[in-house]
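A.B. asks: Count along the sequence shown from 1, then add 10; that gives the number in the working numbering. C-beta: ideal position from N, C-alpha, C; glycine also.
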Amino acid sequence: MSWSPIGRPVRVGLFEHSPDAYSCFRMLPQKPCPKPGSEVEIVQIVMKMLDWEWEVVDTNEAFGVINDFGNPKEDGNYSGIMGLLADNKIDMSGLSLRITPDRMTRAHFTFPIRYFQQVYIIKRPPDNDFRNFIFASFTTEILSIVNEFETNSTTYSCNSISAPEPSPWLDTSDLLAARKTHLTYYYNMTLEGSSEKNVRRMNRILQYNPIIVHPKESDLMDEIKRGNVFYSTYDIEFLPYPGLTVIRDTTGIISYVAFGFSSNNKKLCHLFNEALLKILPGIPQITRAPGYAFVKAPEDTTIQVKKTRLSLNGHLEQLFYIYIIGVGICIVVFFTEIIVHRLVKLKNRQSYQMNVPLEIGTGKYDQYSEEDLRF
Numbered sequence: 011m012s013w014s015p016i017g018r019p020v021r022v023g024l025f026e027h028s029p030d031a032y033s034c035f036r037m038l039p040q041k042p043c044p045k046p047g048s049e050v051e052i053v054q055i056v057m058k059m060l061d062w063e064w065e066v067v068d069t070n071e072a073f074g075v076i077n078d079f080g081n082p083k084e085d086g087n088y089s090g091i092m093g094l095l096a097d098n099k100i101d102m103s104g105l106s107l108r109i110t111p112d113r114m115t116r117a118h119f120t121f122p123i124r125y126f127q128q129v130y131i132i133k134r135p136p137d138n139d140f141r142n143f144i145f146a147s148f149t150t151e152i153l154s155i156v157n158e159f160e161t162n163s164t165t166y167s168c169n170s171i172s173a174p175e176p177s178p179w180l181d182t183s184d185l186l187a188a189r190k191t192h193l194t195y196y197y198n199m200t201l202e203g204s205s206e207k208n209v210r211r212m213n214r215i216l217q218y219n220p221i222i223v224h225p226k227e228s229d230l231m232d233e234i235k236r237g238n239v240f241y242s243t244y245d246i247e248f249l250p251y252p253g254l255t256v257i258r259d260t261t262g263i264i265s266y267v268a269f270g271f272s273s274n275n276k277k278l279c280h281l282f283n284e285a286l287l288k289i290l291p292g293i294p295q296i297t298r299a300p301g302y303a304f305v306k307a308p309e310d311t312t313i314q315v316k317k318t319r320l321s322l323n324g325h326l327e328q329l330f331y332i333y334i335i336g337v338g339i340c341i342v343v344f345f346t347e348i349i350v351h352r353l354v355k356l357k358n359r360q361s362y363q364m365n366v367p368l369e370i371g372t373g374k375y376d377q378y379s380e381e382d383l384r385f
């Protein structure tokens, strides 16, 4: 019979977030759900291993929290599901949260199950020529700009000028400052930066060019198709939809994510960790199962080398056959060369015998006797 170490069902906070939590998670644990979501499935497996009594808390219906994992607020607390953990309104987060030093002071975290990196998700350039990898990387407009830039650079290098023209290339922050593009996300999240200077600049830019917020994925996809940038920390091995380009921010922060427990449930987190440790090697198979996330395919063509183990019977027999065939070919070639050599020598001898008697009566071979001219 199921039991609970805290004397009541463990409250697991969840909101719908594909592919980590699908809508049928609301039926758990009373009714079975074939595809509750990759991370909900991990929680469900651990709960069965521990034989705990637990219940699902829909944070959207109970607290109005959806697509918000937690952002710092002005009062020092957190919003979203991280804030629910800090206020002990739920016992556990059914979705993995990013681990930071400040968050660790307000909640307890399990072993990391994945790691995220800052990425930009944009639409793929429409005009591609896959016959050449140089042209496949840029649109026709970009190639025209590069060609014009190269022509102008060549012209300027031939002229003596006092100062070069400033570079026309802009980075993302410059495009945001000029309002030529916009960031979009599920909610108005706080952006991370590689330096304090970049953080201050981005906060200043976002005051007059704020993030476009859409709670639905379909609306976010429309924003990306319009040329805006989806900015997020995402699992770098996965791609949400085909036809998109993921740009990794190599200067960004790599974050580990794990399940969170409220500050009053340290022992609960420790017990959960002991069971989670047993299934950690199988978590990639769960997250990549059919119906969940899929690994991003490489843009270029790759060939996977198939590993074949050598067997004593099969491969040694094949080697013996190859050896016999090789020896047989060598013998045939050897005897062929001997036969050809004999035939050529015999032909030359017959030709010589036919030509010498015709010239004996001419006096050319008078100094030789008949025995000397005979073979």
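Out of H27, G47, N81 and I123, point me to the one whose CA is closest to K288's CA.
C.D. replies: Of H27, G47, N81 and I123, the residue nearest in Cα terms is I123.
A.B. asks: Determine the direct distance from the alpha carbon of M114 to that of T311, and round the result to whole angstroms.
C.D. replies: Low local confidence applies: a pLDDT of 46 at T311 is under 50, so the model's placement there is unreliable, and no value is given.
A.B. asks: Taking just the CA atoms, how far does T120 sit from L290?
C.D. replies: Roughly 11 angstroms between the two C-alpha positions.
A.B. asks: For S89, which residues in the same chain have their Cβ closer than 7 angstroms to its Cβ, ignoring the five residues on either side in sequence?
C.D. replies: The answer, listed in chain order, is D78, G80, N81 and K83.
A.B. asks: Jot down the residue ranges of each uninterrupted alpha helix (DSSP H) in the region 81-136, minimum 4 residues, whole runs only, in chain order.
C.D. replies: Fully enclosed alpha helix (DSSP H) runs of 4 or longer: 90-96 and 111-114.
A.B. asks: Taking its Cβ as the centre, do 16 or more other Cβ atoms sit within 10 Å of G270, making it buried, or is it exposed?
C.D. replies: Burial call: buried.
A.B. asks: Between K207 and A299, what straight-line distance do the alpha-carbon atoms span, to the nearest angstrom?
C.D. replies: Straight-line Cα distance between these residues: approximately 42 angstroms.
A.B. asks: Straight-line CA distance for V350 to S361?
C.D. replies: Rounded to whole angstroms, V350 to S361 spans 17 angstroms at the Cα level.
A.B. asks: Alpha helix (DSSP H) containing F290: first to last residue?
C.D. replies: The question names Phe, but residue 290 is Leu in the sequence shown. No alpha helix (DSSP H) holds L290; DSSP gives it neither H nor E.
A.B. asks: Going by CA-CA distance only, name the one from R211, P220 and M212 that's closest to H192.
C.D. replies: Ranking the options by Cα distance to H192, first place goes to P220.
A.B. asks: Counting only the same chain and skipping the five closest in sequence on each side, list residues whose C-beta sits under 6 angstroms from that of V53.
C.D. replies: Result list for V53: G104, in chain order.
A.B. asks: P178: buried (16+ other C-beta within 10 angstroms of its C-beta) or exposed?
C.D. replies: Confidence is the limiting factor: at P178 the pLDDT is only 48, short of 50, which leaves the residue's position unreliable and the question unanswerable from this model.
A.B. asks: Under DSSP, the beta strand (DSSP E) around L193 begins and ends at which residues?
C.D. replies: Its beta strand (DSSP E) spans residues L193 to Y195.
A.B. asks: Mapping DSSP to helix, strand and coil, what is L353?
C.D. replies: The answer is helix: DSSP assigns L353 an H, G or I state.
A.B. asks: Mind checking which residues open and close the alpha helix (DSSP H) that includes E65?
C.D. replies: Not the alpha helix (DSSP H): E65 falls in the beta strand (DSSP E), residues W64 to D68.
A.B. asks: From the DSSP output, in three-state form, read off G270 for me.
C.D. replies: In this structure, G270 counts as strand in the three-state DSSP scheme.
A.B. asks: Whose C-alpha, out of P19, Y130 and S48, is nearest the C-alpha of D101?
C.D. replies: Of the candidates P19, Y130 and S48, the one whose C-alpha sits nearest the C-alpha of D101 is P19.
A.B. asks: Based on the DSSP output, what are the partners of L254 in its beta bridges?
C.D. replies: Answer is K133, bridged to L254.
A.B. asks: Only counting the same chain, and skipping five residues up and downstream in sequence, which positions put a Cβ closer than 7 angstroms to that of K235?
C.D. replies: Here the set comprises K133.
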